[in-house]
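Worksheet: one structure, shown below.
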Amino acid sequence: MNVREIITSWFNSYTGSDRQKELALKRLETCNKCEHIKTNNVNIIVCGNCGCPISKKIFSPIYNSCPLKKWEESDKNYRDILKDTL
């Protein structure tokens, strides 16, 4: 668990740039097709692999931070706003 990534993702979900929001929507398209997406016991849509709320995880500042590495295609055109690690 990368606490810094989590805090940054939450912050970005509220104050992110237009480019970050654009990337988040592309990542969300991938998540919505994933067999691991689920709704938890308090009705929040989460990644069934890592447990993160999808609405925040998609704002991660890290390149291809999907635990199943499914975001590479969407992330490749956004290297300018993504980091390899935090």
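Each residue of the sequence shown is one higher than the last, beginning at 849 in my numbering. Using N, Cα and C, we set each Cβ at its ideal position, and we do this for glycine too.
Assuming the contact rule is C-beta atoms closer than 8 Å, residue 904 and residue 861 should be a hit. Round their C-beta distance to whole Å, please.
Within the sequence shown, the letter at position 56 stands for residue 904. Within the sequence shown, the letter at position 13 stands for residue 861. At roughly 5 Å, the Cβ-Cβ gap stays under 8 Å, so residue 904 and residue 861 are in contact.
Look at the alpha carbon of residue 908 and the alpha carbon of residue 889, and state the distance between them as a whole number of angstroms.
For this step, residue 908 is matched to residue 60 along the sequence shown. For this step, residue 889 is matched to residue 41 along the sequence shown. Approximately 23 Å, taken between the alpha carbons.
Within-9 Å CB hit, residue 901 to chain B
This model lacks chain B altogether; it includes just one protein chain.
Can you tell me where the beta strand (DSSP E) holding residue 918 begins and where it ends?
For the purposes of this step, residue 918 is identified with residue 70 of the sequence shown, where counting begins at 1. That residue, residue 918, is in no beta strand (DSSP E); it is neither H nor E in DSSP.
Is it true that the CB of residue 871 sits closer than 9 Å to the CB of residue 913?
Within the sequence shown, residue 913 is the residue found at index 65, counting from 1. Within the sequence shown, residue 871 is the residue found at index 23, counting from 1. Their beta carbons are not under 9 Å apart, which means residue 913 does not touch residue 871 by this criterion.
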